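Peer 1: Sequential numbering of the sequence shown, starting at 602, is according to the working numbering. Where a beta carbon is used, it is the ideal one built from N, C-alpha and C, also for glycine. What you are looking at is a predicted structure, and each value in this text was computed from that prediction instead of being measured.
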Amino acid sequence: MEPRAQIVHIVHVVHATISLYMRTILFLALLLVSGGLAVAQSAEDFLTQANQLIASYQWKEAIALLNQAAEKYPEHTELRVRQAHLLIRLGDPADAERVLRWLVAVHPNDAEILQLLGQARLALGDHAGAAMLLREAVSRKPDDPSLLHDLSLALLLQGRKDEALQTAAAAVAKGKPGTEARRLYALLLSLNGRHEESDKQMKVALAQEPGNARLLFELSEAKRQQGKYAESLEYLDMAVESDSENPLYYSALARLYRHFKQPGLAEQNQATANRLLDAFKKYAEALTVATAGKVLEALRSMETVVRSNPEFTSGKLLLADLQARAGHQDRALALYKEALRQDPTRVEAREKSAWIKTEQGDLTAALDLLEGAPQAVQNEILTRAYLYISQARWQEALDLLEQVEVSNPLNPQLLKLMSTCLRELGRPDQALAYLERARAAKRDDPELDLIRREIKLQQATGFLTQENWTAAVDAFSALTREDPSQASHFLNLAYSRERSGDLPGAVQDYRRGIQRMATSDAGASFWARKNLAGCLTRLQRYTEAATQWEAVVKQERSAENLMQLGICYSHLERNAEAEKTFEQALQKGQRSAELLYNLGVAKMRVMKSEEGWQYVREASRTGYQPAVQLLAKAARR
């Protein structure tokens, strides 16, 4: 494998692993597929088998099967919709759009297909086109709050705040709007300068959901900015009671207590904030370790973190996920139970506990868990949604979750689950929009930041796969700004710059990536350094290139690497070293014309003319032009 291809392959594997694990911490465990697949006969057979392949993350095989099915059943709507979903997920929105255009022609009044087509346009960066399609979908289902909400977000992305506000107002006017719908409406009111109305909507939202920590924190901040510090402290205390693991809230408490001249309480709360922030950092590190397949190592790390931070509910949930992956189902159940006791709104803990109980055959306990879900969500709808998720039937699951969204005020966990379904459907912009709705209510939720970066990473790697180097440079540049500690972002950015012809930029980013790489990641470090050396050679920066090739040769003394090092020595007129290095390359068994020619020239420079001409003549016999030209020049003298 070529060096450039190898390094991108390594980084892609890391990215794919992150994607797989992030899915497991957001919703129910997927069904495992065992044994071979029978030959599909009906369209339903094809769909079932494709869903099984998707559940086991064999996406390329699934799309191949769906493409085969589409040839056999070209007019089967559900099958073609599934095909389009997967094409978008695999970073091929253009092909998905072609499928969806055909579906729209057949079903011009299907709001769901129009909505999906709008998401394909968003994935292609066409916000205006997406908004137009969403408008058309709304014209088919004018009373659908989710369509109005999506259209409002699309308009906001275009910067059309007035129209976005009007659409959000229409969404709120449909039935009984949930807390998050009012929150988006309040945000748009504020952006349009209507602050009093925005404040009113926020208070109505809080009355609907008194325990919403994000709303409580925002109200606290608003009161603090108005100089109403006692009211600010009251709201902030309620926010901490609702969400006891958020370091931002403790930092805000410390700030208020400093204003009240209570240094002891200020110091205590700041210490808690620092401790929880460190816990979230270790949480992120454990995720990285787990994505590398080191589940037990991540598990041991999180056990220490959870013991030191009893209020860290997210840490308990991650530890429970790791225990489940390690096969310790009872330990996982105990941790989910403890997390639910601390935060009853943690829907994913109920989901995963119910799933484990179902796997154990205890369906009554599973239903009891679901019946205890916040806001009295209908068991039948959610249970069926969980079933669809377990079968990787993301659109059908999303359809059911949207029913829950309409009939019940939204909570952050449901937003995350819906965002996950959208991401799995290859609709990253809409998935990000749902996360932004969650962020609007809880600005510093570390888990949301991690998920958001992961979605953006999927988009960026999609540009790499498509060889869209300009878009890849833009995407990875944004990722390096958001998370400058990740070596893989810089290495992918460097590779994209190299392929786009920006060699100086590639050199800079390869160096940044190498500086950030873990010492244990020798393989990726080697290929990154080799790519860097190649760029420096092409830029004729031979002193720097020689240093990098020397490091490469220490790891792999191949003929190719030795020859490249020798070429640098030759340009630097380090002739004796060049001769020795070329000879070492020759001893590796390679007798390429380029190597023979360079060795011959090096020998002439160290006064070994006869031997040097022999190598040049041998190179010329293969038709190697530099050797042919050198011999011709010598003959004319």
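#1: Could you work out which residue in Arg681, Asn710, Leu715 and Gly692 is closest to Val700 when comparing CA atoms only?
#2: Could you spell out the range, first to last residue, of the alpha helix (DSSP H) harbouring Glu1151?
#3: Could you give the distance in angstroms between the alpha-carbon of Met1118 and the alpha-carbon of Ala685?
#4: Quick check on the DSSP output: the alpha helix (DSSP H) that includes Thr1223 runs from which residue to which?
#5: Once you ignore the five residues that flank Pro694 on each side, which residues in its own chain have a CB closer than 6 Å to its CB?
#6: Which whole-angstrom value is the C-beta distance of Arg783 and Leu1026, which I expect to be below 8 Å?
#7: Could you compute how far the alpha carbon of Gly916 sits from the alpha carbon of Gly894?
#8: Within its chain, find whatever has a CB closer than 7 Å to the CB of Leu735; leave out the 5 residues flanking it on each side and keep chain order.
#9: Return the residue from the list Gln930, Gln1185, Asn1176 and Leu687 that minimises the CA-CA distance to Gln961.
#10: Considering only the alpha carbon of each residue, which of Leu688, Arg1082 and Tyr884 lies closest to Val906?
#11: Just tell me which of Glu1180, Leu687 and Trp1150 has its CA closest to the CA of Ala1203.
#12: Whole angstroms is fine: what's the gap from Leu633's alpha carbon to Ala993's?
#13: So, is Pro743 buried or exposed, given that buried needs 16 or more other C-beta atoms within 10 angstroms?
#14: Specify the secondary structure class of Lys895 as computed by DSSP and reduced to three states.
#15: Can you tell me where the alpha helix (DSSP H) holding Lys1057 begins and where it ends?
#16: Please determine if the segment 1061 to 1075 and the segment 1093 to 1106 are in contact, where contact requires at least 3 C-beta pairs separated by less than 8 Å.
#17: Considering just the uninterrupted stretch of the alpha helix (DSSP H) at Tyr674, what are its terminal residues?
#18: What separation, rounded to the nearest whole angstrom, lies between the Cα atoms of Leu866 and Leu807?
#19: Rounded to a whole number of angstroms, what is the C-alpha to C-alpha distance between Ala1235 and Gly1167?
#20: Ordered along the chain, which non-local residues of its own chain (more than five positions away) have a Cβ less than 6 Å from that of Leu1051?
#21: If you reduce the DSSP assignment to three classes, tell me which class Asp711 lands in.
#22: Would you kindly report the start and end of the unbroken alpha helix (DSSP H) that includes Ser915?
#23: Buried or exposed for Ser1126, going by 16 or more other Cβ atoms inside 10 Å?
#24: In terms of residue numbering, what span does the alpha helix (DSSP H) encompassing Asp1110 cover?
#25: Got a sec, what are the start and stop residues for the alpha helix (DSSP H) Asn1093 sits in?
#26: Between which two residues does the alpha helix (DSSP H) harbouring Ser740 extend?
#27: Arg1222: buried (16+ other C-beta within 10 angstroms of its C-beta) or exposed?
#28: Cβ of Ser843 within 8 Å of Cβ of Leu817?
#29: Spatial neighbours of Phe1077 within its chain, please: C-beta separation below 7 Å, excluding the five flanking residues on both sides.
#30: Measuring straight from C-alpha to C-alpha, what distance separates Glu822 and Arg795?
#31: In three-state DSSP terms, what is Glu1195?
#32: Drop a sphere of 10 angstroms on the beta-carbon of Gln1059, count the other beta-carbons inside from all chains shown, and report buried for 16 or more, exposed for fewer.
#33: Excluding five sequence neighbours on each side, which residues of the same chain lie with their C-beta closer than 6 Å to the C-beta of Gln1191?
#34: Quick check: what's the CA-CA separation for Leu1200 versus Phe1064?
#35: Leu1001: which of Leu1015, Ile982, Asp646 and Leu1016 sits nearest, CA to CA?
#36: Compare the beta carbon distance of Leu918 and Glu949 with 8 Å and say whether it is the shorter of the two.
Peer 2: In terms of the structure at hand:
#1: Looking at Arg681, Asn710, Leu715 and Gly692, the one whose alpha-carbon comes closest to that of Val700 is Arg681.
#2: Tyr1143 to Gln1156
#3: Their backbone Cα atoms lie some 37 Å apart in a straight line.
#4: Where Thr1223 is concerned, there is no enclosing alpha helix (DSSP H), given that its DSSP letter is neither H nor E.
#5: Ala721, Ala724 and Leu725
#6: The pair is not a contact, with the Cβ atoms about 27 Å apart (cut-off 8 Å).
#7: 19 Å
#8: Gln716, Gly719, Leu748, Asp751, Leu752 and Ala755
#9: Gln930
#10: Tyr884
#11: Glu1180
#12: Residue placement at Leu633 cannot be trusted, given a pLDDT of 24 that sits under 50; the coordinates are not used to answer.
#13: exposed
#14: coil
#15: Pro1047 to Thr1066
#16: With the cut-off at 8 Å, the segment 1061 to 1075 and the segment 1093 to 1106 touch.
#17: It is not in any alpha helix (DSSP H) - Tyr674 carries neither H nor E in the DSSP assignment.
#18: Roughly 27 Å between the two C-alpha positions.
#19: 24 Å
#20: none
#21: coil
#22: Thr914 to Arg926
#23: A residue is called buried once 16 or more other Cβ atoms fall within 10 Å of its Cβ, and Ser1126 is buried on that count.
#24: Leu1104 to Arg1117 is the span of the alpha helix (DSSP H), which, as asked, contains Asp1110.
#25: Start and end: Ala1088 to Ser1101.
#26: Ser740: member of the alpha helix (DSSP H) spanning His728 to Arg741, first to last residue.
#27: exposed
#28: yes
#29: Ala1061, His1090, Asn1093, Leu1094 and Ser1097
#30: 18 Å
#31: helix
#32: Buried.
#33: Ala1160
#34: 42 Å
#35: Ile982
#36: yes
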